[in-house]
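Chains E, G, U and V supply the protein sequences, listed in that same order.
Under this note's numbering, think of the first position of the first sequence as 431, with each following residue one higher.
Under this note's numbering, think of the first position of the second sequence as 431, with each following residue one higher.
Under this note's numbering, think of the first position of the third sequence as 431, with each following residue one higher.
Under this note's numbering, think of the first position of the fourth sequence as 431, with each following residue one higher.
The beta carbon of each residue, even a glycine, is placed where N, CA and C say it ideally should be.
Fair warning: this is a prediction, and the values are worked out from it, not measured in the lab.
Worksheet: one structure, shown below.
Protein chains: 4
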Amino acid sequence: MDAWRACVGTGRMDLALRHDYQESLALIQREIGFRHIRGHGLFSDGMGIYRPYSFLDDEHVRHSFTYLDQVVDTYLELDVRPFLELGFMPDQLASGPETVFWWKGNITPPRSWSAWADLVRATVTHLVDRYGLAEVRQWPIEVWNEPNLPQFWLNADADAYHRLYETTAKTIKEVDAELQVGGPAISPGTDKYLETFADFVIDNDVPIDFVSRHAYTSGPAFHVPFGTHQTLAPASRLLEQFALPRKQLAGTPLADLPVHITEFNSSYRPDNPIHDTAFHAAYLAPVIATGGDLADSFSYWTFSDMFEEEGVPTALFHGGFGLLTHRQIKKPTFHLYAFMARMGGPELSRGPDHLISADSTGRVTVLAWAPVDCTDLRNSPETHHLRLSFPVSGPSAFVLRSRVGEEHGNVWAAWREMGSPRSPLPRQLDWLREAAEPAREHGRLPVTDGRAHLDLTLGRHEVTLLEITPVADETPSWWNDSHLLGGPS
Amino acid sequence: MDAWRACVGTGRMDLALRHDYQESLALIQREIGFRHIRGHGLFSDGMGIYRPYSFLDDEHVRHSFTYLDQVVDTYLELDVRPFLELGFMPDQLASGPETVFWWKGNITPPRSWSAWADLVRATVTHLVDRYGLAEVRQWPIEVWNEPNLPQFWLNADADAYHRLYETTAKTIKEVDAELQVGGPAISPGTDKYLETFADFVIDNDVPIDFVSRHAYTSGPAFHVPFGTHQTLAPASRLLEQFALPRKQLAGTPLADLPVHITEFNSSYRPDNPIHDTAFHAAYLAPVIATGGDLADSFSYWTFSDMFEEEGVPTALFHGGFGLLTHRQIKKPTFHLYAFMARMGGPELSRGPDHLISADSTGRVTVLAWAPVDCTDLRNSPETHHLRLSFPVSGPSAFVLRSRVGEEHGNVWAAWREMGSPRSPLPRQLDWLREAAEPAREHGRLPVTDGRAHLDLTLGRHEVTLLEITPVADETPSWWNDSHLLGGPS
Amino acid sequence: MDAWRACVGTGRMDLALRHDYQESLALIQREIGFRHIRGHGLFSDGMGIYRPYSFLDDEHVRHSFTYLDQVVDTYLELDVRPFLELGFMPDQLASGPETVFWWKGNITPPRSWSAWADLVRATVTHLVDRYGLAEVRQWPIEVWNEPNLPQFWLNADADAYHRLYETTAKTIKEVDAELQVGGPAISPGTDKYLETFADFVIDNDVPIDFVSRHAYTSGPAFHVPFGTHQTLAPASRLLEQFALPRKQLAGTPLADLPVHITEFNSSYRPDNPIHDTAFHAAYLAPVIATGGDLADSFSYWTFSDMFEEEGVPTALFHGGFGLLTHRQIKKPTFHLYAFMARMGGPELSRGPDHLISADSTGRVTVLAWAPVDCTDLRNSPETHHLRLSFPVSGPSAFVLRSRVGEEHGNVWAAWREMGSPRSPLPRQLDWLREAAEPAREHGRLPVTDGRAHLDLTLGRHEVTLLEITPVADETPSWWNDSHLLGGPS
Amino acid sequence: MDAWRACVGTGRMDLALRHDYQESLALIQREIGFRHIRGHGLFSDGMGIYRPYSFLDDEHVRHSFTYLDQVVDTYLELDVRPFLELGFMPDQLASGPETVFWWKGNITPPRSWSAWADLVRATVTHLVDRYGLAEVRQWPIEVWNEPNLPQFWLNADADAYHRLYETTAKTIKEVDAELQVGGPAISPGTDKYLETFADFVIDNDVPIDFVSRHAYTSGPAFHVPFGTHQTLAPASRLLEQFALPRKQLAGTPLADLPVHITEFNSSYRPDNPIHDTAFHAAYLAPVIATGGDLADSFSYWTFSDMFEEEGVPTALFHGGFGLLTHRQIKKPTFHLYAFMARMGGPELSRGPDHLISADSTGRVTVLAWAPVDCTDLRNSPETHHLRLSFPVSGPSAFVLRSRVGEEHGNVWAAWREMGSPRSPLPRQLDWLREAAEPAREHGRLPVTDGRAHLDLTLGRHEVTLLEITPVADETPSWWNDSHLLGGPS
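Right, dumping it as structure tokens:
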């Protein structure tokens with residue numbers, strides 16, 4: 431039902447040690463409230479877990495949790511649980527030197543399968559010891575990331591991945607049979623991979639508790655210095671990708687497994703300015719609003735621009751994935767999620783441009799969005815009209831509208847008007863934070879025969895939240911506006 | 431120069447023990463930053479300073495600072511200094527039973543003048559011991575409050591006040607000759623009182639370091655349950671009152687003393703809804719902007735609705751003086767002060783509807799306000815136009831506009847639309863906080879020959895802040911908006 | 431089982447608005463963690479709930495929750511629930527002028543029983559609206575305080591109390607039948623009162639969900655200025671009082687009702703220095719450790735010295751009830767509770783001078799206390815020896831001992847050595863906070879045949895906590911202490 | 431005078447982005463309060479400052495301050511200023527692949543001297559723009575680290591360092607002539623290096639505002655897995671090294687320059703357990719107490735165990751330099767500094783085992799330490815006696831003693847008793863924090879003829895702080911201890 435908040439993506443795990451990261455995640459949790467968080471790099475050297483005393487020393491290995499404990503403590507304090515992704519390979523356990531990203535995640539199979547199993551076992555056992563079995567059973571554990579791509583897994587070798595999955599899944603189940611393990615975490619592009627993987631686990635009776643894949647809609651990249659531009663397919667293509675695993679597994683023994691879309695976004699590039707735009711929120715709105723029909727979770731990649739796969743960002747706005755920039759400035763897509771988080775109760779009705787819910791207190795919430803042209807921003811309609819109707823108890827309603835679009839809550843526009851300052855001064859950061867807030871409008875809505883009617887006009891790329899509550903009028907009987915500057919003369 | 435921020439008023443001193451008070455004052459200091467704070471009740475029983483062991487026991491008296499230390503520690507932590515007002519009379523030191531306010535401040539002279547002097551001496555000495563002489567010398571000490579009114583000083587007996595002033599001032603100077611003492615803190619209505627007081631201190635060579643009075647513009651009260659309506663004189667009448675002490679003392683030995691307006695507001699009633707309106711900010715804007723020409727300080731009465739002179743407020747909005755309501759909701763007049771606090775540097779120019787400043791970094795700030803009709807809110811102009819011009823360095827400027835008026839940042843209107851909920855739910859408080867924020871607009875301003883020109887339209891009762899900064903453009907040479915959805919094809 | 435933490439007492443309800451109070455309660459909750467909190471004054475004027483527009487105006491009454499919401503929000507944020515006590519009488523609803531305490535709680539019956547019922551109904555209904563029925567059903571509601579004493583209820587009129595109880599209980603049940611209501615909250619001294627009350631509710635079929643009474647052990651008062659001394663009965667007398675209600679109600683229809691001791695302490699005076707001593711913790715230790723056998727809750731009166739029944743305290747240490755002084759300085763009795771809070775799991779064994787528990791992780795905790803002479807502090811034994819034995823898994827155990835007594839964690843002694851400074855300087859407060867901490871000792875304990883044996887010597891008035899955990903030794907095989915200043919030569 | 435607090439060392443600069451780091455530094459600043467902080471890695475890739483668009487791209491270089499701003503903002507918020515160390519070389523500006531440390535700081539000269547100058551200029555200019563010239567002039571700027579060692583500067587090539595120094599110093603002075611630049615930051619072992627460097631700057635008229643070097647006392651290393659043991663020279667050898675620059679430069683034009691010991695410790699290894707011991711505080715006590723005679727600053731290397739030069743630590747206690755471990759556990763040497771921070775006012779007297787100060791309020795503070803045997807810990811004396819005498823105003827004094835040594839505040843001992851848990855559970859961390867606190871003792875000290883005399887016994891490796899304040903006795907005349915359990919009978 432609220433699969434949209436089931437998970438969110440993050441930059442590599444050791445970034446969670448940072449103060450700015452923790453401030454950002456705290457804000458995200460306060461205003462959105464995700465249930466799980468997933469990122470790369472658990473076993474990469476920055477986390478310091480696999481620690482032989484010296485090079486290739488198999489005798490004096492410590493599995494060390496100095497940092498992992500800090501990361502997980504932080505998550506739990508912020509009321510979000512890890513969605514563990516097991517990878518990449520510790521340098522000293524790797525079978526080769528190949529790496530991915532600026533921060534050099536090693537993508538090769540382990541040089542020792544038993545040492546890998548020891549690493550997995552020690553880590554999972556430590557987590558169970560520290561956080562308790564009841565807690566850790568709620569953390570899905572995914573094996574590796576996008577093994578269907580040679581950038582992420584040496585030669586995209588499927589047999590090697592199957593061995594990795596089997597070794598890992600069995601090791602986890604030895605720690606506790608109810609821990610949840612899954613995969614194959616594939617990127618779009620080689621969809622058949624999932625079927626082959628499914629055959630493998632079925633044929634070999636390998637444990638599996640969920641299946642996972644990723645979804646993106648961007649086309650070929652046009653690079654400029656410190657940035658990338660890409661074409662985008664319509665957002666409906668994301669929904670098609672969300673739906674695919676259930677289709678592919680229908681009729682197999684895996685048909686009823688949970689399906690997790692463990693990454694999705696428009697572009698998979700952390701330097702594509704489309705992520706910073708008002709367009710982006712309107713583009714994704716129907717996906718967030720309805721994706722829960724198709725998958726058990728779909729995890730926005732990523733909550734923050736704190737993300738170093740292409741190096742340390744060189745400017746405050748740089749096309750990062752984040753709902754937030756460094757220093758907690760809210761992009762329009764942040765508001766899309768925050769608006770969803772303020773909706774309450776079961777769905778009342780739905781349309782191509784809106785979603786209506788109502789909770790048990792009589793509060794009605796409406797999310798509405800403008801349609802977009804995803805081939806040319808300038809062709810998106812300048813205005814968009816909706817006529818909505820919904821039940822309201824009581825004689826009238828208070829309505830608060832929160833608007834984000836080209837005109838409002840568009841902080842990227844403000845930043846560009848400022849001259850695109852790469853390292854803004856504190857004063858400029860304050861202004862940007864103000865410019866990033868949605869516009870607010872409020873008023874009374876008449877109710878007739880138990881229903882309210884609303885004519886709504888959205889601007890270009892607008893996403894709007896309406897919160898409507900029945901009015902219990904406590905205005906005193908003697909109140910008279912005309913007496914504000916003195917009583918009756 | 432910035433006399434407007436020299437001091438702010440507060441409800442009685444022991445309210446400063448409260449958490450909500452401290453949260454509110456912290457917000458005030460963060461966004462406005464007053465230098466001093468003044469309120470009643472230092473010696474009233476709620477502060478527990480004068481503590482005889484038993485009734486009228488003159489032998490076992492303790493001067494006790496359990497609460498005073500908490501209050502002053504809080505002020506200094508929040509970077510605001512006390513402007514001490516010595517009063518009212520401790521019950522057990524009083525010569526009669528007469529009190530003022532719901533919280534029963536005793537308004538009678540001391541039954542023992544030496545015990546009063548002991549109280550003053552012990553208190554001031556304790557403050558010097560705890561906070562240091564250098565610090566306490568920066569705290570003006572005012573003797574009593576509005577002794578010209580019989581509600582505040584028994585029979586408004588001027589001779590008795592003169593004796594109180596003399597006793598007190600001499601006692602303070604015995605502790606340290608550089609401590610600053612003053613009075614007579616009179617209300618408007620009996621302006622001659624100041625001249626009589628001045629004659630007394632001059633003739634008797636009584637120490638005096640500053641003179642003080644109050645200013646209000648409201649007329650007769652029309653009471654309704656839990657509220658009061660009053661007519662208002664034009665705001666210029668406040669400025670006339672600010673100017674009066676210097677006029678009255680011209681040519682006397684007191685001519686060069688600092689003049690402190692230790693209270694001012696439109697209405698002196700803590701239950702007059704005019705304080706909650708957008709009108710109120712526009713009404714006071716010219717006073718805040720120019721009052722510093724006439725007095726060394728003018729202290730807005732009061733920073734918060736936490737104020738119990740007429741009992742505990744019965745509704746969130748109740749016509750309190752506060753810049754903030756309980757629970758830190760910002761009224762329009764809060765924003766007027768916050769806008770002033772964001773202006774910087776010396777005044778560039780001034781008009782009947784605006785003030786322009788510029789600081790050393792090239793930032794220009796404009797405060798503009800709409801004229802008001804203070805006999806009938808509905809007659810205030812619907813729109814008001816200004817044409818401004820000011821120097822800007824560089825080829826263009828970024829401008830951020832923050833707007834408060836009938837349409838924006840008008841939280842009282844939102845509260846009334848909600849049905850005037852007396853004890854709003856947490857959710858309603860959140861909405862009110864959002865509705866209370868100014869509207870923000872931003873854009874680029876062209877600069878020609880080193881000057882920018884601006885046509886500005888204000889709505890009814892609007893107060894606007896413009897912050898204008900020269901743009902140092904860091905937009906890369908290769909940037910091209912049309913590539914956002916893919917590069918050149 | 432942990433009835434000792436079921437409830438704690440507090441000064442009157444509006445003190446909960448204070449910052450120092452909230453800081454103190456936060457500390458209490460962090461280190462002890464009570465489940466409920468109970469104090470006087472919910473309906474007294476300081477809370478501002480009963481608000482007629484003018485004197486005896488029955489037409490324009492507001493029930494106002496401006497402060498109550500702040501208080502309850504604070505409690506819930508600090509994870510403690512109200513144990514509501516309905517009283518005292520609002521001044522304008524009172525039938526007479528009689529009051530109790532410095533803060534003047536009115537002790538007379540209502541002048542209008544229907545207006546009282548309206549007040550109760552409005553308050554309970556508001557709480558249900560704001561906090562939800564499921565939540566409020568967990569808040570016991572007690573009718574009045576110590577109606578058996580003429581200081582607290584006019585003439586200690588039992589019939590009038592019965593009418594008050596009946597009116598109130600029925601009103602509450604009209605709001606919701608599962609809300610819990612009880613009484614009669616009597617003080618020790620007229621124990622029969624409970625039986626009469628029980629007869630009344632049984633005979634008249636009046637709703638009742640729990641019974642309550644208080645327990646104190648102090649004898650006649652010897653007053654000195656700003657203080658009181660009293661003799662004390664042995665602590666076992668508290669346990670006898672805890673046990674009495676179950677005895678008295680045995681065989682009646684009320685026999686199975688929960689019994690709440692809604693106040694207990696040694697002395698009932700808030701100015702008796704015995705509360706500040708190390709003796710006090712040792713005196714109460716057996717009561718805290720075993721009182722849960724006899725009652726469903728027993729509520730220490732009170733958690734903080736912030737308490738104004740005898741006026742504002744005139745010195746940091748003044749014999750207040752508090753576990754904490756103003757400004758969060760921990761008295762020995764605080765540590766007794768904090769030690770209890772660190773015990774875990776079910777009781778293993780118990781003796782006249784100790785209690786042993788063990789939790790599921792193998793951790794064993796011991797609370798041990800020295801016997802006291804409650805007729806003369808100087809006769810309490812200088813040392814006390816215990817020999818304890820308990821099961822420990824593993825070859826050895828780590829033990830951490832925390833000691834409080836005359837020698838350690840005795841901040842009152844430090845304060846007296848300082849010269850009893852009534853308003854300590856910040857530096858002195860820091861030193862007192864340090865002096866207030868328990869002494870800590872640690873070491874390894876050998877384990878033989880699965881048991882550890884411990885010879886323990888306690889100093890005068892000592893209360894000690896031992897925390898014993900099995901050692902899982904991770905010391906590396908190559909570790910050698912003698913190499914600390916260089917390897918083998 | 432308080433050169434001991436002028437500076438402290440830190441792990442590499444980007445560690446300052448971490449939350450645990452910021453928490454630790456906040457604690458350090460609250461309880462000690464250093465004025466400057468110095469560490470490596472400003473220009474290393476983790477800080478992301480030097481950012482060419484692509485490999486060796488000299489056209490599209492950004493100097494990027496995304497992280498630097500966060501680091502410096504943090505420092506200034508915590509009231510500590512950077513002592514900038516310019517180094518190491520950005521990978522893409524390096525002339526070779528040689529690196530130092532686990533985190534791979536590049537140690538080669540720049541491949542382009544003008545690009546290096548651009549980097550320095552851009553960085554310093556940015557800091558001046560953001561923080562103001564008045565602020566940045568207070569930040570010493572040191573060129574590189576230990577260029578006399580081939581591990582830190584390719585081939586320890588002195589000519590190349592001279593060129594680096596000259597290029598850098600001149601570039602800095604072009605930004606502003608009053609910025610402070612210095613070097614050569616050499617390690618002990620090749621002391622002549624400073625003289626050669628001095629000749630170079632004098633002969634070539636190169637700007638220099640201070641000279642710097644390091645000091646350590648450890649001998650050859652004996653390695654064990656995850657640890658190192660070393661012999662130690664007597665602590666007086668540190669003082670000799672502090673004194674050396676002034677001796678070497680006497681009579682030269684650089685004779686009057688400030689001398690900064692920009693690193694010192696016993697061992698230079700971050701995995702030597704000696705850093706964790708009680709011995710370490712006693713060993714360093716005379717150095718901290720008297721080093722200010724010999725140098726303008728001496729910077730303890732480092733404030734926290736958060737330090738990755740040998741990789742991520744594998745256990746909570748691992749012999750790190752830190753005054754604090756990860757998660758803010760205080761080692762004995764922390765307390766040595768915290769004790770120094772609590773001393774006040776000018777030195778009264780000094781001895782081989784103590785230092786006495788007195789401030790203007792009459793407070794006397796004594797730091798006393800036990801002598802150590804630095805060849806064998808077990809030979810350090812078991813007890814050490816001092817007889818001290820000092821002036822006290824008033825008839826008696828309150829004394830608070832804080833003790834750290836083998837018996838008290840020795841958290842490493844507690845950790846070992848626990849079984850050396852590498853990743854302690856939260857509960858164990860709490861216990862360790864408690865075990866880490868000094869023991870506190872307090873009492874009254876008689877004063878005779880204006881002086882107090884004190885016989886003091888220290889335990890093995892003890893460092894003790896005494897805080898002595900004159901007593902102003904406020905004990906009431908009627909106080910009588912024997913009345914505590916009732917008045918006179």
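L785(U) is not a Cβ neighbour of L714(U), given a cutoff of 9 Å. For I458(U), not one C-beta of chain V is nearer than 9 Å to its own C-beta. Going by DSSP, A590(U) is part of the alpha helix (DSSP H) stretching over A588 to V605. As DSSP reads the structure, L888(G) sits in a beta bridge with H814(G).
E904(E) reaches chain G at G849, S850, P851 and R852, counting residues in chain order whose Cβ is nearer than 7 Å. E576(E) carries a coil assignment under DSSP once its states are collapsed to helix, strand and coil. In this structure V841(V) does not touch H872(V) by the C-beta definition: roughly 22 Å separates them, more than the 8 Å allowed. Around the beta carbon of N910(U), fewer than 16 other beta carbons sit within 10 angstroms, so the residue counts as exposed. Under the three-state reduction of DSSP, G749(V) is assigned to coil, being neither helix nor strand. Counting only runs that start and end inside the segment 677–745 of chain E, the alpha helix (DSSP H) elements of at least 4 residues fall at 708–720.
Excluding residues up to 5 positions away in sequence, A588 lie with their Cβ nearer than 7 Å to the Cβ of T626(U) in the same chain.
A check of alpha carbon separations from G781(G) across L797(G), G774(G), T791(G) and G792(G) identifies L797(G) as the nearest.
Among the CB atoms of chain G, none fall inside 9 Å of the CB of H659(U).
In the three-state scheme derived from DSSP, where H, G and I count as helix and E and B as strand, V636(E) is classed as coil.
Rounded to the nearest whole angstrom, the C-alpha separation of G478(G) and K534(U) is 15 Å. Contact between P655(V) and H490(E) holds, since their C-beta atoms are separated by about 4 Å, short of 8 Å.
Per DSSP, the unbroken alpha helix (DSSP H) holding E507(U) starts and ends at T496 to E507.
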